[in-house]
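>
Laid out in C-alpha cells, this is it:
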C-alpha cells in the first residue's frame, strides 16, 4: 500500500486514481475546483466519467500541501498548457519525491516538452513519463491496458511497474524519456487529422495512409528532438497513435471530425468541452519543423486548415498531389 498524490482531477487523473485505489493504495487528488472536490468527496463520482463510482480510498483537496505531504510519488496529470503554472504552485512540496508526467503535450510559448518544463522549474527533480494507448473511459472500468514508464532512474521504473501492474494493466519500462514523451504528444496531431478525414467522409484506405505517413512524420520530428527510433514503434508511438486515431473516445479525433464537418475552431472547443491538446500541439510541431528545417507535409497542411482557412477537402487534394517520390 502506498500514499500517492495525483495533480489534476480530469478524466485521466480520475482513471489513474481509480486503478491505483483498487490496488489498495491511498489516493489524494488535487483539483483547482471546489465543485469538483465536493463531487469527488461527497458523491464519489467524476463529472467527466459520469457512470463511474469512485472507490472510498480516493480523497480530493484543493490544497497542494495536504495532497503531497505524505505521498511516495506524484502523478502530474494537468493539461500541458497549465503544467508550468501548476507546478510552480506545488514544487516547494516535492522534496525528493518522483514526479511522473502523465500529461501529453508541449508548452506552446517555449516549444518545450513537459519534462523540460518541470526540470526548468526544479532542476533536481526526479522525473518519469507514463504514456501509451489508454483512454480514461476504459482504464476506469479495468479494460486491459498496456503502458510504458520512461525514466533515467531505475528506482522509478521499478516503483511504477510494481505499483501499477495488475491483471488489467501491464507496464513496460524504457530509458528513452524524450521518445516516450514525444510519441504521446505528437500522435494527438495525427489523431486530429484522422478526425478531419472522418468528418469529410473519407474511408479506410485514407485512414491507413494517414496513420502510416503520420507515424513517419512524428518519428522524424521525434528523433530530431532527441527520441530513439525504436520508441516510436512502441506503445507510446504506434500504439497510442492507433488508439487515438480510431477511437470515438478520443477528444482530439472528435475535434478534427467537427472541423471536417465545417465547425469553426471556437464551436469545436465548445462542443468538445475539454482541453484539446492537439490544437496547441499543431502550432508547436509546425514551429519545431520550421526550426529544424524539416519537410512535414501533414503537419504543415493541418496547420493551414486550422489557422489559414484551408478547406479540409482541398487539404487532402494538396497532400495527394505533392511531387512524386519513393517511400
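Numbering (this note's numbering), first residue to last: 50 to 376. Positions of the beta carbon are idealized from the N, C-alpha and C atoms, including for glycine.
(1) Looking only at C-alpha atoms, which of 301, 152, 126 and 67 sits nearest to residue 318?
(2) Can you check which of these residues, 174, 349, 308 and 182, is closest to residue 220 by C-alpha distance?
(3) On the premise that residue 157 lies in contact with residue 354, defined as a C-beta separation below 8 Å, what is that separation, rounded to the nearest angstrom?
(4) Short check: CB of residue 377 to CB of residue 234, under 8 Å?
(5) In chain order, what are the residue ranges of uninterrupted alpha helix (DSSP H) at least 4 long that sit wholly in the region 105 to 144?
(6) Would you please state the rounded distance, in angstroms, between the beta carbons of residue 273 and residue 341? I believe it to be under 8 Å.
(7) Quick one: measure Cβ to Cβ for residue 243 and residue 259, integer angstroms, because I've assumed they're closer than 8 Å.
(8) How many Å lie between residue 31 and residue 137 at the Cα?
(9) What is the C-beta distance between residue 351 and residue 328, in whole angstroms, given that I count them as a contact (C-beta under 8 Å)?
(10) Restricting to Cα atoms, I'd like to know which of 106, 321, 83 and 209 is closest to residue 299.
(11) Is the separation between the beta-carbon of residue 347 and that of residue 368 shorter than 8 Å?
(12) What's the gap between the Cα of residue 122 and the Cα of residue 223?
(13) At a cut-off of 7 Å, would you count residue 66 as near the ligand SAH, judging by its Cβ distance to the nearest heavy atom?
(14) Just to confirm, are residue 148 and residue 167 a CB contact at a threshold of 8 Å?
(15) Measuring CB to CB, does residue 249 end up less than 8 Å from residue 362?
(16) Assuming residue 79 and residue 113 are in contact, meaning their beta carbons sit under 8 Å apart, how far apart are those beta carbons, in whole angstroms?
(17) Only counting the same chain, and skipping five residues up and downstream in sequence, which positions put a Cβ closer than 8 Å to that of residue 186?
(18) Helix, strand or coil for residue 74, going by three-state DSSP, please let me know.
(19) So, is residue 4 buried or exposed, given that buried needs 16 or more other C-beta atoms within 10 angstroms?
(20) I'd like the span of the alpha helix (DSSP H) that includes residue 313, first residue to last.
(21) What residues match up with residue 54 in a beta bridge as DSSP calls it?
(22) Starting from residue 194, trace the beta strand (DSSP E) both ways and give me its first and last residue.
(23) Return the bridge partner residues of residue 177 from the DSSP annotation.
(24) Name the residue from 117, 170, 255 and 124 whose alpha carbon lies nearest to the alpha carbon of residue 134.
(25) Rounded to whole angstroms, what's the CA-CA distance from residue 77 to residue 125? Just pull it up for me.
(26) Can you tell me whether residue 257 is buried or exposed? The criterion is at least 16 other CB atoms within 10 Å of its CB, across all chains shown.
(27) Using a Cβ-Cβ cutoff of less than 7 Å, which residues in the same chain neighbour residue 293 once the five nearest sequence positions on both sides are dropped?
(28) Assuming residue 247 contacts residue 306 (C-beta within less than 8 Å), just tell me the rounded distance between them.
On the basis of the supplied data:
(1) Comparing Cα positions, the closest option is 301.
(2) Relative to residue 220, the option among 174, 349, 308 and 182 whose CA is nearest is 182.
(3) 18 Å between Cβ atoms; not a contact.
(4) This structure gives no information on residue 377, because the portion of the chain shown stretches from 50 to 376.
(5) Runs of the alpha helix (DSSP H) inside the region 105 to 144: 113 to 117 and 132 to 139.
(6) Between the beta-carbon of residue 273 and that of residue 341 there is about 5 Å, and that keeps the pair under the 8 Å contact cut.
(7) Your pair residue 243 and residue 259 checks out as a contact, with CB atoms roughly 6 Å apart and the cut at 8 Å.
(8) Coverage of the chain is limited to positions 50 through 376, which leaves residue 31 absent and any answer about it impossible.
(9) Under the criterion of beta carbons closer than 8 Å, residue 351 and residue 328 do not qualify as touching, at roughly 10 Å.
(10) Residue 321 is the option with its Cα nearest to residue 299.
(11) Yes. Within cutoff.
(12) When rounded, the distance between both Cα atoms is 18 Å.
(13) Summarising the ligand content, the structure contains no ligands, and the ligand SAH is consequently not present.
(14) Yes; because the gap between Cβ atoms is below 8 Å, this pair is in contact.
(15) Yes, the pair counts as a contact, with Cβ atoms nearer than the cut-off.
(16) Right, the Cβ-Cβ distance comes to about 6 Å (below 8 Å), so this counts as a contact.
(17) If we look at residue 186 and ignore the five residues flanking it on each side, its Cβ neighbours are 60, 64, 98 and 298.
(18) The three-state reading of DSSP puts residue 74 in coil, since its state is none of H, G, I, E or B.
(19) Residue numbering for the chain in the displayed model covers 50 to 376; residue 4 lies beyond these limits and cannot be assessed.
(20) Counting along the chain, residue 313 falls outside any alpha helix (DSSP H), and DSSP gives it neither H nor E.
(21) Answer by DSSP bridge pairing, in chain order: 77 and 123.
(22) Its beta strand (DSSP E) spans residues 194 to 200.
(23) Partner(s): 149 and 200.
(24) Looking at the Cα atoms, 170 is the closest of the given residues.
(25) Each residue's Cα considered, the two are about 12 Å apart.
(26) Around the Cβ of residue 257, a 10 Å sphere holds fewer than 16 other Cβ atoms; the residue is exposed.
(27) Leaving aside the five residues that flank residue 293 on each side, the residues in its chain whose CB is nearer than 7 Å to its CB run, in chain order, 236, 237, 240, 299, 301 and 302.
(28) Separation of the CB atoms of residue 247 and residue 306 is rounded to 5 Å, and the pair is thereby assigned contact status at 8 Å.
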